[in-house]
Amino acid sequence: MSSEVVEDEISSFFESSPPLKNMDGIIKKLNRFIKLNSSSRGENHQSDWREEDRVCVTSGGTTVPLEQRCVRYIDNFSSGNRGAASTEGTCQPYCRSLPDDPFLECFEFRDKRNIQVHASHLEAVKLAVMDHQAAVADGRLLKLPFSTIYEYLQMLRLIATALKDVGSCSMFYLAAAVSDFYVPWESMTEHKIESGSGPLDIRLAQVPKMLSILRSNWAPNAFCISFKLETDSKILIEKATKALQKYKVHAVVASELSTRKEEVVVVSSSGNVVVRRDCDKPDESIVEYNLIRLIVDRHSTYIKESHS
Ligand code: PAZ
């Protein structure tokens, strides 16, 4: 497909998308965050801030609504754990160690006026709250929640174009599981699809691939890491290699669904590196620990090379 056709498809996707709710608010937050992390940071913060720390981490699945007043949708699998774990080192950032249903499981009523954290979750809650508050207060973390494919892609475009000037110092770490198929807004029924008239046939259109335009137009100098998940290990590396070549990203992190928490393969032009977790070392008991070390290292080299 020619690049003009891809660009046309992308333009018509955005033109027909329902506008982001609170777009102005999102843009304001985003600009404030970028500004805070661009100018006088060194004077106001004693952090070990480095320029290369401007990272857009996408995490979680996107949904494809089947009705404009959505009751039903198709979801893409992702617990959000990888993005969360990678951001902490962000599920939600700083909530990974809490139980799945934190509000119900973490707290207990001592009496009608007192709610307390259950002793077994006290340390995890304390740490999560403290670290999260510190990250937000320091201006190190901005969370922009999305649900639908429309929201996700509009936000990604906003962020990428806002980071364009940051150039090689910005990174896109695209761990979200993004829908490949969707129902175009204009061909979607407004009201809840009637049941009772037999099986439902739905025709899904292909979501235009935004990675190529992110690389070529939105943020061409940013360091870009995409992710590939497969359930068939036999095709995983081949698919990741094709994505690397097609979208010209700097690396593709390939995972197989059942082993994604144990190991990933970082596929790049300098070869494939298997990254595993090491349960014997507390820090390295999650695969993201070694993954992030490798990616940060590669990004630093990329920044140096771009500036030389
Ligand atoms: O969110 P999670 O920790 O459950 O899983 C992470 C992941 C496997 C969804 C992510 O690493 C990934 O591969 N995302 C891209 C999925 C895709 O191929 O569209």
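Numbering-wise (the working numbering), the sequence shown opens with residue 65 and increments by one. Even glycine gets a Cβ: it sits at the ideal position worked out from N, Cα and C. Model, not experiment: these values are computed from the prediction.
* Asked: Name the DSSP bridge partner or partners of Arg204?
  -> Taking the first residue of the sequence shown as position 1, residue 204 is located at position 140. Answer is none; Arg204 lacks a bridge partner.
* Asked: What three-state label does DSSP hand Gln180 in the structure shown?
  -> Here the question's residue 180 lines up with position 116 in the sequence shown. Of the three classes helix, strand and coil, the one that applies to Gln180 here is strand, per DSSP.
* To do: Can you have a look at Ser322 and say buried or exposed, based on whether 16 or more other CB atoms are within 10 angstroms of its CB?
  => Looking up residue 322 in the sequence shown gives position 258. Classification of Ser322: exposed, given that the 10 Å Cβ count is below 16.
* Count the other C-beta atoms from every protein chain shown that fall within 10 angstroms of the C-beta of Glu320, then say buried if there are 16 or more, exposed otherwise. => Taking the sequence shown and counting its residues from 1, one reaches residue 320 at position 256. With 16 or more Cβ atoms within 10 Å of its Cβ, Glu320 is classed as buried.
* Proximity of Glu172 and Pro163 at Cβ, strictly below 8 angstroms -> Position 108 of the sequence shown, counting from 1, holds the residue named residue 172. Position 99 of the sequence shown, counting from 1, holds the residue named residue 163. For Glu172 and Pro163, no; Cβs fall outside 8 angstroms.
* To do: Identify which residue in Ser150, Ser261, Glu250, Pro284 has its Cα closest to the Cα of Leu268.
  => Along the sequence shown, read from residue 1 onward, the residue named residue 268 stands at position 204. It is Glu250.
* Check Phe141 in the structure and name its three-state DSSP category. => Indexing the sequence shown from 1 puts residue 141 at position 77. It is coil, neither helix nor strand.
* In the stretch 270-326, which residue ranges form an unbroken alpha helix (DSSP H) of at least 4 residues, counting only runs that do not cross its ends? -> 297-311
* To do: Inspect the CB distances between the stretch 305-315 and the stretch 354-370 and report whether three or more fall short of 8 angstroms.
  => yes
* Asked: When you compare only the Cα positions, how much space is there between Asn140 and Glu215?
  -> In the sequence shown, counting from the first residue as 1, residue 140 sits at position 76. In the sequence shown, counting from the first residue as 1, residue 215 sits at position 151. Distance between the alpha carbons of Asn140 and Glu215: 14 angstroms.
* Nearest residue (CA-CA) to Asn145, options Arg357, Ile350, Phe245, Asp265 -> Here residue 145 refers to the residue found at position 81 of the sequence shown. Checking every option, the nearest Cα to that of Asn145 belongs to Ile350.
* Among all residues, which have a Cβ less than 6 angstroms from at least one non-hydrogen atom of the ligand PAZ, and in what chain order do they fall? -> Ser142, Ser143, Gly144, Asn145, Arg146, Ala239, Ala241, Val242, Phe291, Lys292, Leu293, Ser319, Arg324
* Asked: Is it right to say Ile74 is buried, meaning 16 or more other beta carbons lie within 10 angstroms of its own, or is it exposed?
  -> Taking the sequence shown and counting its residues from 1, the one referred to as residue 74 is at position 10. Answer is buried; the Cβ neighbour count reaches 16.
* To do: Find out if the Cβ-Cβ distance for the pair Ser332, Ser232 is shorter than 8 angstroms.
  => As a position in the sequence shown, residue 332 is number 268, starting the count at 1. As a position in the sequence shown, residue 232 is number 168, starting the count at 1. Their beta carbons are not under 8 angstroms apart, which means Ser332 does not touch Ser232 by this criterion.
* To do: Give, in chain order, every unbroken run of the alpha helix (DSSP H) that is at least 4 residues long and sits entirely within the stretch 338-367.
  => none
* Rounded separation between Tyr237 and Arg177 - CA only -> Translated into the one-based positions of the sequence shown, residue 237 becomes position 173. Translated into the one-based positions of the sequence shown, residue 177 becomes position 113. So the two alpha carbons sit approximately 44 angstroms from each other.
* Asked: For the beta strand (DSSP E) that contains Thr122, what are its first and last residues?
  -> Within the sequence shown, the letter at position 58 stands for residue 122. Thr122 -> beta strand (DSSP E) spans 118-122.
* Report yes if the CB atom of Gln218 is closer than 8 angstroms to the CB atom of Leu84, and no otherwise. => By 1-based counting over the sequence shown, the position of residue 218 is 154. By 1-based counting over the sequence shown, the position of residue 84 is 20. In this structure, Leu84 lies closer than 8 angstroms to Gln218 by Cβ.
* Asked: Exposed or buried, Ile299, counting other C-beta atoms within 10 Å across all chains shown (16 or more means buried)?
  -> Along the sequence shown, one-based indexing puts residue 299 at 235. Exposed.
* Residues near Ser234 in its chain [Cβ-Cβ closer than 6 angstroms; skip 5 each side] -> Here residue 234 corresponds to residue number 170 of the sequence shown, with the count starting at 1. Arg118, Leu227, Ala286, listed in sequence order.
* Going by DSSP, what residues sit across from Pro82 in a beta bridge? -> Counted from its first residue, the sequence shown places residue 82 at position 18. Paired residue(s): none; Pro82 is not in a bridge.
* Rounded C-alpha distance that separates Glu294 from Val328 -> Translated into positions along the sequence shown, residue 294 becomes position 230. Translated into positions along the sequence shown, residue 328 becomes position 264. Approximately 11 angstroms between the Cα atoms of the pair.
* To do: Determine the direct distance from the alpha carbon of Pro248 to that of His255, and round the result to whole angstroms.
  => Here residue 255 refers to the residue found at position 191 when the sequence shown is read from its first residue. Here residue 248 refers to the residue found at position 184 when the sequence shown is read from its first residue. His255 and Pro248: Cα-Cα distance of roughly 15 angstroms.
* **Closest Cα partner of Ser211 within the set Ser142, Ile91, Ala283, Asp265** => In the sequence shown, the residue the question calls residue 211 occupies position 147. Answer by Cα proximity: Ser142.
* Euclidean distance between Cα positions of Ile223 and Cys134 -> By 1-based counting over the sequence shown, the position of residue 223 is 159. By 1-based counting over the sequence shown, the position of residue 134 is 70. Rounded to the nearest angstrom, the two C-alpha atoms are 26 angstroms apart.
* Reduced DSSP category for Gln110 - H, G, I as helix; E, B as strand; rest coil -> One-based indexing of the sequence shown puts residue 110 at position 46. Residue placement at Gln110 is flagged as unreliable, the pLDDT there being 40, under the threshold of 50; the coordinate-derived value follows with that caveat. Three-state DSSP puts Gln110 in coil, outside helix and strand.
* Asked: So what does Val331 bridge to, in DSSP terms?
  -> Counting from 1 along the sequence shown, the entry for residue 331 is found at position 267. Paired residue(s): Val316, Asn336.
* Asked: How would you label Lys19, buried or exposed, when you count the other beta carbons within 10 angstroms and need 16 or more for buried?
  -> Residue 19 falls outside the range modelled here, since the chain spans only 65 to 372, and no answer is possible.
* **Same chain, Cβ closer than 7 angstroms to Pro82, five either side skipped, listed in chain order** => Here residue 82 refers to the residue found at position 18 of the sequence shown. Correct list, in chain order: Tyr214, Trp249.
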